[in-house]
Amino acid sequence: QVQLLESGGGLVQAGDSLRLSCTASGSVFSFTTMGWYRQYPGKQRELCAVISSDGIAFYADSVKGRFTISRDNAKNTVHLQMNSLGPEDTAVYYCNADISPPFKRYWGQGTQVTVSS
Numbered sequence: 069q070v071q072l073l074e075s076g077g078g079l080v081q082a083g084d085s086l087r088l089s090c091t092a093s094g095s096v097f098s099f100t101t102m103g104w105y106r107q108y109p110g111k112q113r114e115l116c117a118v119i120s121s122d123g124i125a126f127y128a129d130s131v132k133g134r135f136t137i138s139r140d141n142a143k144n145t146v147h148l149q150m151n152s153l154g155p156e157d158t159a160v161y162y163c164n165a166d167i168s169p170p171f172k173r174y175w176g177q178g179t180q181v182t183v184s185s
């Protein structure tokens, strides 16, 4: 069983930065992709950024240029550096890790990010 533990959420002001971290533990495999999603109240979870095992990153348009994803394969960690935060970034952020084949997706428990204006 794989567990993903997130840290780094909190309350900040508009324009501030935060760095989210996620560490995988348990029966850890070589993850094909790791990423970060966020969820607004009453909405579906949406992609922020994902990164492949060889470091290729993809960003949602809403965070491109402000957020940077990185990972350390040796430590099974993934980070999300969030800059120029705005109230629209207020959400619960979830770490995600996928393995394949066969395909399996794992989720962290979520960490709240609140940005005040």
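Residue numbers (this note's numbering): 69 to 185. Ideal Cβ placement from N, Cα and C applies to all residues, glycine included.
Subject >> Exposure of ASP157, with buried meaning 16 or more beta-carbon neighbours within 10 Å >> reply: ASP157 comes out buried.
Original post:
Do PHE99 and ALA117 have their CB atoms nearer than 9 angstroms?
Top reply: Between PHE99 and ALA117, the CB-CB gap reaches or exceeds 9 angstroms.
Original post:
Is the beta carbon of SER121 within less than 8 angstroms of some heavy atom of the ligand MN?
Top reply: The model on display carries no ligand, and the ligand MN is accordingly not part of it.
Original post:
Three or more C-beta pairs closer than 8 angstroms, one from the segment 172 to 181 and one from the segment 118 to 131: is that the case here?
Top reply: No, they do not touch.
Original post:
Taking the alpha-carbon positions, what's the TYR161 to PRO170 distance?
Top reply: About 26 angstroms.
Original post:
Closest by CA to SER85, which one among GLY110, LEU148 and GLN112?
Top reply: Of the candidates GLY110, LEU148 and GLN112, the one whose C-alpha sits nearest the C-alpha of SER85 is LEU148.
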